[in-house]
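Novice:
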Amino acid sequence: MSKAIYCDKCINEIKVRDDLVTATYVFVVVPYHEECYAKDLKGAKTFFLDNQPLNGFSGNLFFLFSIILAIIWCFIAEPSLKWLSLFAITPIGYRLYSYLIYERHIEK
Ligand SMILES: [Zn+2]
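So in this note's numbering, spot 25 of the sequence shown is number 11, and the numbers just go up one at a time.
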């Protein structure tokens, strides 16, 4: 069930959950070491790399916020505008993907 997760920058294995940072890079979820993520954020990838990590406290908060927003929007929006809640569902999808593909494979 457990599989090795390799950092997108230095190609080394990420062994501890605390050291894992996932972020979207041109719509693709990529895993990083915390340190490597910080380096890439300042590097050439900065225009495409999302500076908001998917995991960790801020990611989880954003995830929760997106769910609430999607639900509220479904109730209050005009019927013709309900499709806009899809925009709130996108980060929810990324967050779940990050967890299923990377986070659950790494020990805490
Ligand atoms: Zn790394």
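Cβ atoms here follow ideal geometry from the backbone N, Cα and C, with glycine treated the same way.
In this text the structure is predicted, and so the values were computed from the model without any measurement.
Using the beta-carbon count (16 or more within 10 Å), is residue 2 buried or exposed?
Specialist: As a working note, residue 2 is residue 16 in the sequence shown. Residue 2 should be labelled exposed.
Novice: Taking the C-alpha atoms as reference points, what is the distance between residue 4 and residue 73?
Specialist: In the sequence shown, the residue the question calls residue 4 occupies position 18. In the sequence shown, the residue the question calls residue 73 occupies position 87. About 29 Å.
Novice: Would residue 81 be called buried (16 or more neighbouring beta carbons within 10 Å of its own) or exposed?
Specialist: Here residue 81 refers to the residue found at position 95 of the sequence shown. Flag for residue 81 reads buried.
Novice: Could you give the residue range of the beta strand (DSSP E) that holds residue 9?
Specialist: As a first step, residue 9 is located in the sequence shown; it is residue number 23 there, counting from the start. Counting along the chain, the beta strand (DSSP E) containing residue 9 begins and ends at 6 to 11.
Novice: Decide if residue -12 is buried, meaning its Cβ has at least 16 other Cβ atoms within 10 Å, or exposed.
Specialist: Residue numbering aside, residue -12 sits at position 2 when the sequence shown is read from its first letter. Residue -12 comes out exposed.
Novice: So, under 8 Å CB-CB, residue 17 and residue 49 are touching, yes? Tell me the CB distance rounded to an integer number of Å.
Specialist: Locating residue 17 in the sequence shown gives position 31, where the first residue counts as 1. Locating residue 49 in the sequence shown gives position 63, where the first residue counts as 1. No, residue 17 and residue 49 are not in contact; Cβ-Cβ is about 17 Å, not under 8 Å.
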